[in-house]
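S.K.: Residue numbering for the sequence shown follows my numbering, beginning at 627 and increasing consecutively.
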Amino acid sequence: MRRFSSVLVLFLVVFLTLSAGAFAKGLHIGVAIPSADHGWTGGVVYWAQKAIADWEAKNPDLRFSLVTANSAAEQVGQVEDLMVKGIDALVILAHESAALTPIVEEVRKEGIYVVSVDRGLTKDVQNVYIAGDNPGMGRNAAQWLAQKLNGKGKIVVLEGIPGVINSERVDAFNAVMADYPGIEILDSQPAYWSTQRGLEVMENYLQKYPEIDAVWTGDDDVLKGALQAYRESGRRDIKYFFGGAGSKDIVKMILDGDELVQANVTYPPSMIASGISLAVYGASGEPLPGFYQQEIPARIILAAELITQENAEDYYFPDSVF
627 MRRFSSVLVL
637 FLVVFLTLSA
647 GAFAKGLHIG
657 VAIPSADHGW
667 TGGVVYWAQK
677 AIADWEAKNP
687 DLRFSLVTAN
697 SAAEQVGQVE
707 DLMVKGIDAL
717 VILAHESAAL
727 TPIVEEVRKE
737 GIYVVSVDRG
747 LTKDVQNVYI
757 AGDNPGMGRN
767 AAQWLAQKLN
777 GKGKIVVLEG
787 IPGVINSERV
797 DAFNAVMADY
807 PGIEILDSQP
817 AYWSTQRGLE
827 VMENYLQKYP
837 EIDAVWTGDD
847 DVLKGALQAY
857 RESGRRDIKY
867 FFGGAGSKDI
877 VKMILDGDEL
887 VQANVTYPPS
897 MIASGISLAV
907 YGASGEPLPG
917 FYQQEIPARI
927 ILAAELITQE
937 NAEDYYFPDS
947 VF
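1. I'd like to check one pair, Asp847 with Ser820: are the Cβ atoms closer than 8 Å?
2. Report yes if the CB atom of Leu771 is closer than 8 Å to the CB atom of Tyr866, and no otherwise.
3. Pick helix, strand or coil for Asn890, following the three-state DSSP scheme.
4. With C-beta atoms as the reference, is Val743 less than 8 Å away from Gly844?
5. Is Thr748 helix, strand or coil by DSSP?
6. Got a sec? Which residues, its chain only, sit under 8 Å from Trp666 by beta carbon, not counting five neighbours each side?
7. Since Pro728 is in the beta strand (DSSP E), which residue starts that stretch and which ends it?
8. Pull up the CB-CB distance for Arg823 and Phe799, whole angstroms please, since I reckon it's below 8 Å.
9. Quick one: which unbroken beta strand (DSSP E) runs of 3-plus residues sit fully inside the stretch 761 to 798? Chain order, please.
10. Excluding sequence positions up to five away, which residues of its chain have a Cβ less than 7 Å from the Cβ of Leu775?
11. So, at 7 Å on beta carbons, what are the nonlocal neighbours of Gly777 in its own chain, with the 5 sequence-adjacent residues on each side left out?
12. Between the Cα of Val949 and the Cα atoms of Pro660, Gly779, Leu812 and Ala768, which residue gives the shortest distance?
13. Under a three-way DSSP split, which group does Ala929 fall into?
14. Can you grab the Cα-Cα spacing for the pair Val754 / Trp681, in whole Å?
15. I need the boundaries of the beta strand (DSSP E) containing Trp842, first residue and last residue.
16. For Val947, is the beta carbon positioned less than 7 Å from some heavy atom of the ligand NAD?
17. Taking DSSP as the reference, what is the three-state secondary structure of Val906?
18. Assuming contact is defined by CB atoms lying nearer than 8 Å, are Ile876 and Ile756 in contact in what I supplied?
19. At the level of alpha carbons, what is the spacing between Val801 and Asn685?
20. Looking at the secondary structure, which residues open and close the beta strand (DSSP E) in which Leu914 lies?
21. Give a yes or no on whether the C-beta atoms belonging to Ala698 and Glu722 are separated by under 8 Å.
22. Quick check on Pro847: does DSSP put it in helix, strand or coil?
23. Classify Glu810 as helix, strand or coil using the three-state DSSP reduction.
24. Closer than 7 Å by C-beta to Ala919: which residues in its own chain qualify, once you throw out the five before and the five after it? Chain order, please.
25. Can you tell me the Cβ-Cβ gap for Val716 and Leu708, rounded? I've got them flagged as a contact below 8 Å.
26. If you follow the beta strand (DSSP E) that Arg689 is part of, which residue opens it and which one closes it?
27. Based on Cα-Cα distance, which residue from Glu794, Ala930 and Gly758 lies nearest to Gly786?
28. Applying the 10 Å Cβ sphere with the 16-neighbour rule, what's the burial state of Val710?
29. Relative to the C-alpha of Leu928, which candidate in Val782, Ser946 and Gly758 has its C-alpha closest?
30. Measuring alpha carbon to alpha carbon, tell me which residue in Ser946, Met803, Leu719 and Val671 is nearest Gly746.
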């Protein structure tokens with residue numbers, strides 16, 4: 627059974643959309659997100675498009691402008707264009723926190739409702755922030771691996787893109803491992819959320835370290851590359867691989883009882899769809915259905931839920947992009 631955060635995602639994505647009323651008429655919502663440069667962002671694009679389609683089906687008078695960017699500079703220009711178009715709300719997953727904060731601050735000063743998703747800004751200029759639990763991802767991964775290794779072993783880490791999100795995951799992972807003196811972290815290098823970089827970094831680790839007991843990648847795209855490198859190497863010493871985000875391919879491996887990949891943690895790209903729903907309600911000045919408070923919560927963190935073979939079926943969506 628899924629815990630509260632999954633219920634909250636379902637509530638926001640489905641119930642909020644279906645319960646939309648005439649109050650939302652005439653609103654123009656701008657949505658600015660990164661391009662689908664890897665699996666998770668592909669999921670973000672999918673869920674943004676789905677949320678927009680769901681809202682438009684119920685509220686034909688609603689207007690949405692969805693833009694995707696390959697760089698922070700491009701995204702800044704897109705947000706400026708959205709302002710010119712006269713949006714009532716902006717939903718943004720910042721390409722880079724520092725680069726996007728000034729323009730988002732300008733958006734807020736114009737009285738435009740702002741929902742920031744996933745990658746936080748360097749200043750709290752948004753109305754609402756919704757994201758996954760990055761420290762929870764690192765913490766839950768470390769606790770699971772430490773228990774499986776019985777507190778002893780050698781681990782290599784493949785990090786993401788250096789930045790706030792990566793640091794939160796890695797710092798939490800290291801904090802847990804500090805309580806296990808019998809576990810040695812041999813190396814920790816960035817793989818930039820990339821399958822190819824995961825392959826390359828893991829190949830280097832396999833050449834450099836003759837004995838490895840477990841691998842933590844913190845991201846499922848990187849995990850796929852690391853697994854490929856290991857299987858092609860012919861080695862058989864590694865016991866566990868642990869990624870992150872709950873992609874359908876990895877969840878299917880867990881469901882099927884894969885020996886190397888036995889667990890994962892959630893970081894749902896559907897949070898962008900929830901952000902769009904929050905923007906519609908927030909820009910309308912309406913409380914969330916079922917909430918007795920007028921104001922929408924300023925901060926919503928979706929728990930990093932542990933996925934194992936026992937509950938993997940609850941997290942497996944074969945028709946999803948990610």
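The beta-carbon is built from N, C-alpha and C at its ideal position, and this holds for glycine as well.
M.R.: On the basis of the coordinates in this document:
1. Counting from 1 along the sequence shown, the entry for residue 820 is found at position 194. Counting from 1 along the sequence shown, the entry for residue 847 is found at position 221. Cβ atoms of Ser820 and Asp847: closer than 8 Å.
2. On the sequence shown, position 145 is the one that residue 771 refers to. On the sequence shown, position 240 is the one that residue 866 refers to. In this structure, Tyr866 lies closer than 8 Å to Leu771 by Cβ.
3. By one-based count along the sequence shown, residue 890 stands at place 264. It is a strand residue.
4. In the sequence shown, counting from the first residue as 1, residue 743 sits at position 117. In the sequence shown, counting from the first residue as 1, residue 844 sits at position 218. Against a cut-off of 8 Å, the Cβ pair of Gly844 and Val743 comes out as no contact.
5. Taking the sequence shown and counting its residues from 1, one reaches residue 748 at position 122. Coil at Thr748, not helix or strand.
6. Along the sequence shown, one-based indexing puts residue 666 at 40. Same-chain partners within the cutoff: Trp819, Asp845, Asp846, Asp847, Ala871, Ser873, Tyr893, Pro895 and Phe948.
7. Here residue 728 corresponds to residue number 102 of the sequence shown, with the count starting at 1. Not the beta strand (DSSP E): Pro728 falls in the alpha helix (DSSP H), residues Ser723 to Lys735.
8. Position 197 of the sequence shown holds residue 823. Position 173 of the sequence shown holds residue 799. Contact doesn't hold; Cβ gap of about 19 Å is too wide.
9. 779 to 785
10. Position 149 of the sequence shown holds residue 775. Around Leu775: Ile809, Asp839 and Ala840.
11. The sequence position of residue 777 within the sequence shown is 151, counting from 1. So the list reads Tyr806, Gly808 and Ile809, once near-sequence residues are dropped.
12. In the structure displayed, the chain extends from 627 to 948; residue 949 sits before or after that span and is not available.
13. Here residue 929 refers to the residue found at position 303 of the sequence shown. In this structure, Ala929 counts as coil in the three-state DSSP scheme.
14. Residue mapping note: residue 754 aligns to position 128 of the sequence shown, counting from 1. Residue mapping note: residue 681 aligns to position 55 of the sequence shown, counting from 1. About 19 Å.
15. Here the question's residue 842 lines up with position 216 in the sequence shown. That run of the beta strand (DSSP E) goes Ala840 to Trp842.
16. This structure does not include the ligand NAD; it has no bound ligands of any sort.
17. As a position in the sequence shown, residue 906 is number 280, starting the count at 1. Here Val906 sits in helix by DSSP.
18. As a first step, residue 876 is located in the sequence shown; it is residue number 250 there, counting from the start. As a first step, residue 756 is located in the sequence shown; it is residue number 130 there, counting from the start. Not a contact, by the Cβ cut-off of 8 Å.
19. The count along the sequence shown starts at 1 and reaches residue 801 at position 175. The count along the sequence shown starts at 1 and reaches residue 685 at position 59. Position check: residue 801 holds Ala in this sequence, whereas Val was assumed. Cα to Cα, the separation comes out at about 47 Å.
20. Locating residue 914 in the sequence shown gives position 288, where the first residue counts as 1. It is not in any beta strand (DSSP E) - Leu914 carries neither H nor E in the DSSP assignment.
21. Indexing the sequence shown from 1 puts residue 698 at position 72. Indexing the sequence shown from 1 puts residue 722 at position 96. One thing to note: Ala698 has its Cβ within 8 Å of the Cβ of Glu722.
22. Working through the sequence shown from its first residue, we reach residue 847 at position 221. First, the residue type needs correcting, since residue 847 is Asp and not Pro in the sequence shown. Here Asp847 sits in helix by DSSP.
23. Residue mapping note: residue 810 aligns to position 184 of the sequence shown, counting from 1. If DSSP states are grouped into helix, strand and coil, Glu810 belongs with the strands.
24. In the sequence shown, counting from the first residue as 1, residue 919 sits at position 293. Looking at the sequence provided, one finds Gln at residue 919 rather than Ala. So the list reads Pro913, once near-sequence residues are dropped.
25. In the sequence shown, the residue the question calls residue 716 occupies position 90. In the sequence shown, the residue the question calls residue 708 occupies position 82. Here the sequence assigns Leu to residue 716, which means Val is not the residue at that position. With 8 Å as the limit, Leu716 and Leu708 qualify as a contact, their Cβ atoms being about 7 Å apart.
26. Numbered from 1 along the sequence shown, position 63 holds the residue referred to as residue 689. First-last of the beta strand (DSSP E) with Arg689: Arg689 to Ala695.
27. What you label residue 786 is simply residue 160 of the sequence shown in a count that begins at 1. If we check each option's Cα against that of Gly786, Glu794 comes out closest.
28. For this step, residue 710 is matched to residue 84 along the sequence shown. By the neighbour-count rule (16 or more Cβ atoms within 10 Å), Val710 is not buried but exposed.
29. By one-based count along the sequence shown, residue 928 stands at place 302. For the residues Val782, Ser946 and Gly758, the minimum Cα distance to Leu928 belongs to Gly758.
30. As a first step, residue 746 is located in the sequence shown; it is residue number 120 there, counting from the start. For Gly746, the closest of Ser946, Met803, Leu719 and Val671 by C-alpha to C-alpha distance is Leu719.
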